[in-house]
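J.: In this note's numbering, the protein residues as written are 6 to 175.
#1: For the beta strand (DSSP E) containing residue 139, name the first residue and the last one.
#2: To the nearest angstrom, how far is the alpha carbon of residue 10 from that of residue 71?
#3: Roughly how many angstroms separate the alpha carbons of residue 149 and residue 161, rounded to a whole number?
#4: Apart from the five residues on each side of it in sequence, which residues of its chain come closer than 6 Å, Cβ to Cβ, to residue 103?
#5: Just confirm the distance between the C-beta atoms of residue 140 and residue 62, as a whole number of angstroms; I'd bet it's less than 8 Å.
#6: With a cut-off of 8 Å, do at least 3 Cβ pairs link the stretch 108-128 to the stretch 79-98?
#7: Can you tell me where the alpha helix (DSSP H) with residue 19 in it begins and where it stops?
#8: So what's residue 120 in DSSP terms, helix, strand or just coil?
#9: What do you get for residue 100, buried or exposed, if any count of 16 or more other CB atoms within 10 angstroms of its CB means buried?
#10: Exposed or buried, residue 50, counting other C-beta atoms within 10 Å across all chains shown (16 or more means buried)?
#11: Taking all protein chains shown into account, do 16 or more other C-beta atoms lie within 10 angstroms of the C-beta of residue 22, making it buried, or fewer, making it exposed?
#12: Tell me the rounded alpha-carbon separation between residue 136 and residue 163.
#13: Closest to residue 31 by CA distance: which of 77, 53, 109 is it?
#14: Between 74, 46, 26, 47, which lies nearest to residue 6 when the distance is taken from Cα to Cα?
#15: Since residue 12 sits in a beta bridge, which residues does DSSP pair it with?
#16: Restricting to Cα atoms, I'd like to know which of 144, 12, 17 is closest to residue 79.
#17: Within 10 angstroms of the Cβ of residue 94, are there 16 or more other Cβ atoms? Answer buried if so, exposed if not.
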């Protein structure tokens, strides 16, 4: 049986490339910075521990196993981003060179096609041949996007954007 979710090419062959290109464009899977890259200059140094955390998420080989094993992606193959997209977002959120804010990430994945659509069945982590810690990243990303949503609600519902929680009103 060919991998579900992806376009069938023939027999057992599926087109994962088109899906991954589309997902990478959707989540803007590149470093966003205003800094001009100069070949002759040294790169900014990064803490080794952080570089290793980023590398751990960069090990994705885009095989599509996580997407094919995802219950939500199988139910809604056209819209749901899947674990690969969330892994990419988590990777760029860690990277100090990326200048996007949490609110900007929320615009990309803070919806039902994004992290809040994840059913948490973790078929993605079970099938990942590189054993990327997808469960951890899904939890961290969901928590960050949840806090971002609450913060956004306070800004829109309360004049001045300040929380009046705990104050009495007469």
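For every residue, glycine included, the Cβ atom is placed at its ideal position computed from N, Cα and C.
Since we're looking at a predicted model, the values are computed, not measured.
T.: Working from what's here:
#1: On the chain shown, position 134 is the one that residue 139 refers to. Boundaries for residue 139: no beta strand (DSSP E) harbours it, while the alpha helix (DSSP H) harbouring it runs 139-162, taken from the DSSP string.
#2: Here residue 10 corresponds to residue number 5 of the chain shown, with the count starting at 1. Here residue 71 corresponds to residue number 66 of the chain shown, with the count starting at 1. Roughly 11 Å separates the two Cα atoms.
#3: As a working note, residue 149 is residue 144 in the chain shown. As a working note, residue 161 is residue 156 in the chain shown. Looking at the two C-alpha atoms, the distance is approximately 18 Å.
#4: The sequence position of residue 103 within the chain shown is 98, counting from 1. So the list reads 36, 37, 97, once near-sequence residues are dropped.
#5: One-based indexing of the chain shown puts residue 140 at position 135. One-based indexing of the chain shown puts residue 62 at position 57. Between residue 62 and residue 140 the Cβ distance is about 13 Å, and since that is not below 8 Å, they are no contact.
#6: yes
#7: The residue labelled residue 19 in the question sits at position 14 within the chain shown. First-last for residue 19: 18-20, but that is the beta strand (DSSP E), not the alpha helix (DSSP H).
#8: Position 115 of the chain shown, counting from 1, holds the residue named residue 120. DSSP places residue 120 in helix when its eight states are reduced to three.
#9: Start at 1 with the first residue of the chain shown, and residue 100 comes out as number 95. That one is buried.
#10: Residue numbering aside, residue 50 sits at position 45 when the chain shown is read from its first letter. Looking at its Cβ environment, which holds fewer than 16 other Cβ atoms inside 10 Å, residue 50 is exposed.
#11: The residue given as residue 22 occupies position 17 in the chain shown. Classification of residue 22: exposed, given that the 10 Å Cβ count is below 16.
#12: Here the question's residue 136 lines up with position 131 in the chain shown. Here the question's residue 163 lines up with position 158 in the chain shown. Residue 136 and residue 163 have their C-alpha atoms some 44 Å from each other.
#13: Counted from its first residue, the chain shown places residue 31 at position 26. Taking only the C-alpha atoms, the option nearest residue 31 is 109.
#14: One-based indexing of the chain shown puts residue 6 at position 1. Nearest C-alpha to residue 6: 74.
#15: As a first step, residue 12 is located in the chain shown; it is residue number 7 there, counting from the start. DSSP output for residue 12 lists 20 as bridge partner(s).
#16: Taking the chain shown and counting its residues from 1, one reaches residue 79 at position 74. Ranking the options by Cα distance to residue 79, first place goes to 12.
#17: Start at 1 with the first residue of the chain shown, and residue 94 comes out as number 89. Answer is buried; the Cβ neighbour count reaches 16.
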